[in-house]
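*Asks:* If you're matching positions, the sequence shown starts at 6 in our numbering and goes up one per residue.
Please see the structure below; I have some questions.
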Amino acid sequence: AVVVDDHMRTSAPGVWAAGDVIEVPHGLSMLPISGLTGSHAYSQGRVAGANAAGEDRVYDPVWIPWGFMSGDYTIGGFSIGETLAEAMGIPYVVAKGVGVSRARYFPGAARTHVKLLAEPGTLRLIGGQLHGGEGIKERCDFLAFVAKRGATLEDLAWMENIYSPPIGALYEPIQIAAQNGLAEQARAREKVPA
């Protein structure tokens, strides 16, 4: 892989690079990674092009939202999951919840399963996976963005959301998972002897 800085500059003067040939830091671990999606390559290309033209743009470390469909079923996530966290020795707590994509009585409502990973203590979001029907892609994009900004389970537990029965349920599935995670952490603290 070609090593670039946060302006997409290579070590060769006047040369910028983007896309599959480069490596960029992961937002959580800061380890270099490569082979990301087309949306990453597009953003990197815009940063490289702008900087080659004399602007001063930065490409931030990535939190990697991802997803795919199989029939009517969508699976997605962002950053890392439990397997990678364990392999890298990154401690985490889990917050899980199940909600619906829109009001249950509207046609097309689908269960949405959310699993969030957070740092113990701070409860800062570090990864997650989702599966279900509609809205998985948008939730993964949102979670990658707020994780990049340092959001916690507490932030997500009390987030605002749209309640409009044809497009959004009363309780956002992300919010449900975060509230369940906070409740689980409170129960765990109660069990610890003083």
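Glycine residues also receive a C-beta, built at the ideal position from the N, C-alpha and C atoms.
Could you spell out the range, first to last residue, of the alpha helix (DSSP H) harbouring Y78?
*Replies:* For the purposes of this step, residue 78 is taken as the residue at position 73 of the sequence shown. Not the alpha helix (DSSP H): Y78 falls in the beta strand (DSSP E), residues Y78 to S84.
*Asks:* Determine whether the beta carbon atoms of G24 and Q49 lie at a separation below 9 Å.
*Replies:* The residue labelled residue 24 in the question sits at position 19 within the sequence shown. The residue labelled residue 49 in the question sits at position 44 within the sequence shown. Yes.
*Asks:* Under a three-way DSSP split, which group does R194 fall into?
*Replies:* Your numbering for residue 194 matches position 189 in the sequence shown. Looking at R194 - three-state DSSP - the assignment turns out to be helix.
*Asks:* Where are the alpha helix (DSSP H) runs, 4 residues long or more, that stay fully inside the stretch 79 to 133, in chain order?
*Replies:* 87 to 93
*Asks:* For Y78, tell me which candidate among P70, V151 and G140 has the shortest Cα-Cα distance.
*Replies:* By 1-based counting over the sequence shown, the position of residue 78 is 73. Of the listed residues, the one whose Cα sits closest to Y78 is G140.
*Asks:* How would you label G186, buried or exposed, when you count the other beta carbons within 10 angstroms and need 16 or more for buried?
*Replies:* As a first step, residue 186 is located in the sequence shown; it is residue number 181 there, counting from the start. Flag for G186 reads buried.
*Asks:* Nearest to F147 by CA position, among P171, G19 and E177, is which residue?
*Replies:* For the purposes of this step, residue 147 is taken as the residue at position 142 of the sequence shown. The residue with the shortest Cα to Cα distance from F147 is E177.
*Asks:* Check V63 in the structure and name its three-state DSSP category.
*Replies:* Mapped onto the sequence shown, residue 63 falls at position 58. Looking at V63 - three-state DSSP - the assignment turns out to be coil, as it is neither helix nor strand.
*Asks:* Between V29 and the ligand GTP, is there a pair consisting of the residue's CB and a ligand heavy atom that are separated by less than 8 Å?
*Replies:* Ligands displayed in this structure: none; no statement on the ligand GTP is therefore possible.
*Asks:* With the cut-off set at 9 Å, would you say A115 and Y97 are in Cβ contact?
*Replies:* Numbered from its first residue, the sequence shown carries residue 115 at position 110. Numbered from its first residue, the sequence shown carries residue 97 at position 92. It is not a contact, given that the beta carbons lie outside the stated cut-off.
*Asks:* Suppose you measure from the CA of S75 to the CA of A92; what does that come to, to the nearest Å?
*Replies:* Here residue 75 corresponds to residue number 70 of the sequence shown, with the count starting at 1. Here residue 92 corresponds to residue number 87 of the sequence shown, with the count starting at 1. Cα to Cα, S75 sits roughly 28 Å from A92.
*Asks:* Among A191, N166, I27 and D11, whose alpha-carbon lies nearest the alpha-carbon of P125?
*Replies:* Counting from 1 along the sequence shown, the entry for residue 125 is found at position 120. With distances taken between Cα atoms, P125 lies closest to A191.
*Asks:* Does the distance from the CB of A6 to the CB of P37 come in under 9 Å?
*Replies:* Within the sequence shown, numbered from 1, the residue matching residue 6 stands at position 1. Within the sequence shown, numbered from 1, the residue matching residue 37 stands at position 32. Against a cut-off of 9 Å, the Cβ pair of P37 and A6 comes out as a contact.
*Asks:* Closest Cβ-Cβ distance between A53 and chain D: below 9 Å?
*Replies:* The question asks about chain D, but that chain is absent: this structure has only one protein chain.
*Asks:* Name the DSSP bridge partner or partners of P30?
*Replies:* Counting from 1 along the sequence shown, the entry for residue 30 is found at position 25. In the DSSP output, where bridge partners are listed per residue, P30 has P37.
*Asks:* Whole angstroms is fine: what's the gap from P171's alpha carbon to V8's?
*Replies:* As a position in the sequence shown, residue 171 is number 166, starting the count at 1. As a position in the sequence shown, residue 8 is number 3, starting the count at 1. C-alpha separation (whole angstroms): 47 Å.
*Asks:* Which whole-angstrom value describes the C-beta separation of H118 and V105, a residue pair presumed to lie in contact below a C-beta threshold of 8 Å?
*Replies:* What you label residue 118 is simply residue 113 of the sequence shown in a count that begins at 1. What you label residue 105 is simply residue 100 of the sequence shown in a count that begins at 1. Cβ atoms of H118 and V105 stay farther apart than 8 Å, at about 11 Å.
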